[in-house]
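Under the working numbering, the sequence shown has 196 at position 38, and the numbering climbs by one with no breaks.
Where a beta carbon is used, it is the ideal one built from N, C-alpha and C, also for glycine.
Fair warning: this is a prediction, and the values are worked out from it, not measured in the lab.
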Amino acid sequence: MDYHDIITIEPGKRRGKPCIRGIRITVYDILEYLASGMTETEILEDFSELTSADIKACLAFVADRYNPGRTPTKKPGFLPNLSVQPSNLVKKPGFWAPCVHPIDNYPPI
């Protein structure tokens, strides 16, 4: 799925986290709702500004970033320098965060 017109990153909005169509709902918000047991229908009922395509775009965005075996959907200029490999991930409580610098000096996970 091409999510590049749906997922946006703006430095002044939600601390630069990837958001849905520039509104203040992040990809991670949607993932947390799904992980907590909410269904797509429940999310869409609670957030009338969202569409089913928005939720699918969130899943595609995360799949491209965190699945090293998947060929990412690419669009020139979208999130440069964030090709995430397992060795570039730092485990922090509650989430995996991509690192753009070496993590050799971080404690083991």
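Is residue i helix, strand or coil when you go by DSSP?
i, result
"residue 178", "strand"
"residue 213", "helix"
"residue 199", "helix"
"residue 165", "strand"
For a quick check, are the C-beta atoms of residue i and residue j less than 8 Å apart?
i, j, result
"residue 216", "residue 188", "yes"
"residue 219", "residue 161", "yes"
"residue 213", "residue 203", "no"
For my contact list, residue i and residue j are in at a C-beta cut-off of 8 Å; report their separation, rounded to the angstrom.
i, j, result
"residue 167", "residue 176", "5 Å"
"residue 208", "residue 178", "7 Å"
"residue 201", "residue 186", "Actually they do not touch by this definition, with Cβ atoms about 13 Å apart."
Count the other C-beta atoms from every protein chain shown that fall within 10 angstroms of the C-beta of residue i, then say buried if there are 16 or more, exposed otherwise.
i, result
"residue 173", "exposed"
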